[in-house]
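In our numbering, the protein residues as written are 2 to 255.
We put the beta carbon where it would ideally sit given N, CA and C, even for glycine.
Given the structure is predicted, the values throughout are model-derived calculations rather than measurements.
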Amino acid sequence: MKGNVLFAPLALNMPATVPHHIAIVMDGNGRWASKRFLPRIVGHKQGIDSLKRCVKACARRGVKVLTVFAFSSENWSRPADEVTGLMDLLAMAVGREVPQLHADGVRLHFVGDRSGLSVNVLAGIARAESTTQDNSSFILNICFNYGGRWDIAQAAAQLASQGLPLTEDSMNKAMALAHVADPDLVIRTGGEQRISNFLLWQSAYSEFFFSDKLWPDFDQAALEEAISAYQQRERRFGKTSAQLQSEASPPTET
Ligand code: FPP
């Protein structure tokens with residue numbers, strides 16, 4: 002069986018309502034580095050370590066899907082050396098981390114616009130996806146050159162080019178994250194409280210949690226805090242509290 006170590010249960014009381022799918026805007030790498038008088042790219046490198054810890058912590062906690070925002074459509078406008086650094090980091094991380102992720106039963110998906118990515122990055126992505134394609138213990142979606150508006154536009158364009166009607170259902174099927182359910186919980190680290198063109202379509206009914214921790218400092222305790230906050234929320238999906246209560250305990254027949 003794959004992933005014995007990664008997926009071993011912790012000695013914790015594991016509540017039933019652990020989010021199935023968590024999505025994260027991993028913000029604060031640059032500030033983490035600047036506080037230490039280090040180049041921003043060092044913060045991004047620490048960000049990769051934080052991501053590795055987060056995958057393990059999520060899997061142990063019973064989360065099944067993790068989606069992270071690694072490079073947005075708008076990040077191209079950062080200084081050229083940072084953009085190149087992030088591209089190199091992706092290629093390096095894919096080469097270095099995929100064997101362990103694969104051994105742990107993690108399936109990797111890269112989500113985003115592939116045009117504009119270098120041959121090197123594209124080859125790394127293709128290798129990571131094909132190596133892990135039969136894994137089913139945990140899904141890690143890495144949003145890279147991704148934007149929520151890009152995703153909605155590409156789904157609509159796909160349907161239009163096939164002469165298909167644009168409905169919620171057909172759009173759901175054409176979106177870049179069609180292979181997973183919508184995120185239950187969206188976390189943003191780094192103290193900012195905005196969506197920044199992440200999962201615009203898919204987060205319609207997600208719960209949001211904003212953490213002041215910078216991404217490299219986002220540890221298991223911080224994840225627990227986010228999951229606990231999620232567990233206090235009442236997800237009504239447009240219904241009333243009273244409706245939810247009566248659905249949970251329907252009146253007994255006499
Ligand atoms: C936001 O922090 C973070 C990013 C734009 C990149 C996130 C990338 C990683 C966590 C590592 C790379 C991961 C892969 C898989 C390549 P920021 O730079 O905006 O931080 P700041 O707000 O403090 O400036």
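- The continuous beta strand (DSSP E) containing Arg108 extends over residues 107-112.
- Under the Cβ criterion (8 Å, minimum of three pairs), the region 207-214 does not count as touching the region 151-171.
- Beta-carbon to beta-carbon, Gly63 and Val19 are separated by about 4 Å, close enough to satisfy the 8 Å threshold.
- Per the coordinates, the alpha-carbon of Cys144 lies some 10 Å from the alpha-carbon of Ile25.
- Burial check for Thr253: the Cβ neighbour count within 10 Å stays below 16, so the residue is exposed.
- The ligand FPP has no heavy atom closer than 7 Å to the beta-carbon of Gly113.
- In the displayed model, Tyr206 falls within coil according to three-state DSSP, outside both helix and strand.
- Taking the Cα of Glu83 as reference, the smallest distance to any Cα among Ile153, Ala34, Leu67 is reached at Ala34.
- Under the three-state reduction of DSSP, Arg189 is assigned to strand.
- Sequence-distant Cβ neighbours of Asp28 in its own chain, meaning closer than 7 Å and more than five residues away, are Arg189, Thr190, Gly191, Glu193, Trp216.
- In this structure, the alpha-carbon of Gly96 lies about 34 Å from that of Ala205.
- With respect to the C-alpha of Ser73, the residue from Ile196, Gly106, Glu130 having the closest C-alpha is Ile196.
- Between the region 55-62 and the region 216-226 there are three or more C-beta pairs closer than 8 Å, enough to call the two in contact.
- Annotated three-state conformation of Ser250 is coil, per DSSP.
- The C-alpha of Met176 lies about 5 Å from the C-alpha of Ala156.
- The ligand FPP never approaches His180 closely enough for any of its heavy atoms to be under 7 Å from the residue's Cβ.
- Relative to Asn76, the option among Lys65, Val107, Leu118, Ile49 whose CA is nearest is Leu118.
- Nearest Cα to Leu201 within the set Asn173, Gly239, His103, Gly125: Asn173.
- Between Ser138 and Val107 a beta carbon distance of about 7 Å is seen, short of the 8 Å cut, so the two are scored as contacting.
- Asn76 has its CB nearer than 7 Å to a heavy atom of the ligand FPP.
- Beta-bridge pairing by DSSP links Tyr147 to Ser73.
- For Ile25, the enclosing beta strand (DSSP E) starts and ends at 22-26.
- Where Asp183 is concerned, there is no enclosing alpha helix (DSSP H), because DSSP gives it neither an H nor an E.
- The beta carbon of Thr132 is closer than 7 Å to those of Val99, His103 in its chain, skipping five residues each way along the sequence.
- In the DSSP assignment, Trp33 falls within the unbroken alpha helix (DSSP H) covering 30-36.
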